[in-house]
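Under UniProt numbering, the residue at position 211 of the sequence shown is numbered 211, and the numbers go up by one with no gaps. All residues carry an ideal CB built from backbone N, CA and C; glycine is no exception. Please read the structure below before turning to the comments.
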Amino acid sequence: MRAALASPRAARPATTIVRALSTAPRAPRVADGETLDVLGASKLRVVQSKVGYRTGVDALALAWFARRSRGDVESFADRACDLGAGSSGAVGLAYALSGARPARATFVEAQRDSCERLRRSVETNARASDAFDVVPGDVVEDARALLDDRKMRRAFDVVLTNPPFFEATRGTPPKNKEKKGARFGILEDGGAATIHDFIGFAKEALREDGEFFVVYPSLGRARLLAAMVAAFGDDAVRATDVFDHEGASRPSLVFARATLRGYSGDAVETSCALYQETSCALYQEARVGEGKRAYVDSFEMFLQRVAQAGV
1 MRAALASPRA ARPATTIVRA LSTAPRAPRV ADGETLDVLG ASKLRVVQSK
51 VGYRTGVDAL ALAWFARRSR GDVESFADRA CDLGAGSSGA VGLAYALSGA
101 RPARATFVEA QRDSCERLRR SVETNARASD AFDVVPGDVV EDARALLDDR
151 KMRRAFDVVL TNPPFFEATR GTPPKNKEKK GARFGILEDG GAATIHDFIG
201 FAKEALREDG EFFVVYPSLG RARLLAAMVA AFGDDAVRAT DVFDHEGASR
251 PSLVFARATL RGYSGDAVET SCALYQETSC ALYQEARVGE GKRAYVDSFE
301 MFLQRVAQAG V
């Protein structure tokens, strides 16, 4: 499901928080081995490695799910954290730019090369009203420093993550360092960040009334929900199955959310009732050949809102 969204448009890692405050989108520096990509209808412009991890539709879909779940938040601006933001920061950017109020977002990324590209991606999409921070660090070795020294503990209304989908102890990790980290959670020092690490960090970073959102492969649904229930409790976790297209027989992804305060009602959602749609699909139809497919209307409208925010 992690199909690349972007088409190409033809240093040293950050050691401090970078605040992006530009008056209009600007063209970033693009080095050899990198591309400046446009993420489909969202019009987000991001710097990515030609041979590393490439942002997929699941990143923007997670932002859509979180925005629809929480609404426009008219009265205040959510403070959001994109945990494991990668080179693009697509989850945090799309969520922040789709809100009704000026955005505040923090992007956390462990890999040094990805963090440098992330800084340029964030600066490219920032407007004068946005407060975007890029913070290098991982959720294992740097957790205490991020939570306490960076004052991220109980700091966020929303924490979003599109985490590594595979366990480091299973399968064969790719040789490419960026792909290895993005897909298996393998850190630059040889350690590994698990889904439990991402969930545990998110729990500590959330404000009392905050909400955590995650996207994961449907095949890993049971493992994800078990980890979330262990951290947040039975009454504090909800899940929504995601189908590739309307009419698909099996889900391909799962959206899950959790809160410190818990939810009322049934423990697990099995359809996309939150959206008031007949099914939780991303595309209107199945893939035929290599042509583009139309997203379901509410997802398309969300992407257009992100695009309009960047104008």
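Measure how close the beta-carbons of residue i and residue j come, nearest whole angstrom, since I'm counting them as under 8 Å.
i	j	result
L253	P217	6 Å
R306	S114	At residue 306 the sequence reads Val, which differs from the Arg that was named. No, V306 and S114 are not in contact; Cβ-Cβ is about 21 Å, not under 8 Å.
D157	R221	The Cβ separation is near 26 Å, so there is no contact.
L39	V47	That pair is no contact at about 12 Å.
A205	A155	6 Å
L118	A85	6 Å
V139	A193	5 Å
D235	G262	4 Å
S42	A94	6 Å
V91	D78	Incorrect: roughly 13 Å between the Cβ atoms, too far for contact.
A96	A80	6 Å
Cutting at 7 Å between CB atoms, please list the residues of its own chain near residue i, excluding the five before and the five after it.
i	result
W64	F299 and F302
V215	D58, A61, L62, N162, L253 and F255
V229	V237
A231	I199, G200 and K203
G291	none
Run through the DSSP bridge pairs and tell me what residue i is partnered with.
i	result
D82	F107 and L160
H245	Y283
F201	Partner(s): none; F201 has no beta bridge.
E290	Beta-bridge pairing links E290 to no other residue.
P136	E109
A239	A256
With respect to the beta strand (DSSP E) encompassing residue i, which residues constitute its N-terminal and C-terminal limits?
i	result
S49	R45 to S49
A281	A281 to Y283
G210	L206 to P217
Report all residues from its chain with a CB closer than 6 Å to the CB of residue i; omit the five preceding and five following residues, and keep chain order.
i	result
F132	A20, A105, V122 and A126
P28	V47, R120 and T124
Q304	none
L146	G137 and M152
Once you ignore the five residues that flank residue i on each side, which residues in its own chain have a CB closer than 8 Å to its CB?
i	result
E285	H245, E246, G247, R293 and A294
V296	E246, E277, A281, L282, Y283 and Q284
Y275	Low confidence applies here, because Y275 scores a pLDDT of 27, under 50, leaving its location unreliable; read the following figure in that light. Closer than 8 Å at the Cβ level, and outside the excluded window around Y275, lie R68 and S298.
Under the three-state reduction of DSSP, which class applies to residue i: helix, strand or coil?
i	result
A131	strand
S264	coil
L253	strand
L39	coil
D234	helix
A258	strand
A143	helix
A226	helix
Over the uninterrupted alpha helix (DSSP H) stretch that includes residue i, give me the two end residues.
i	result
A309	D297 to A309
E116	R112 to N125
R70	V57 to R70
residue 321	A question about residue 321 goes unanswered here, because the residues of the chain that appear run from 1 up to 311.
Taking only beta-carbon atoms, is residue i less than 7 Å away from chain C?
i	result
E141	Chain labels in this structure do not include chain C; a single protein chain is all it has.
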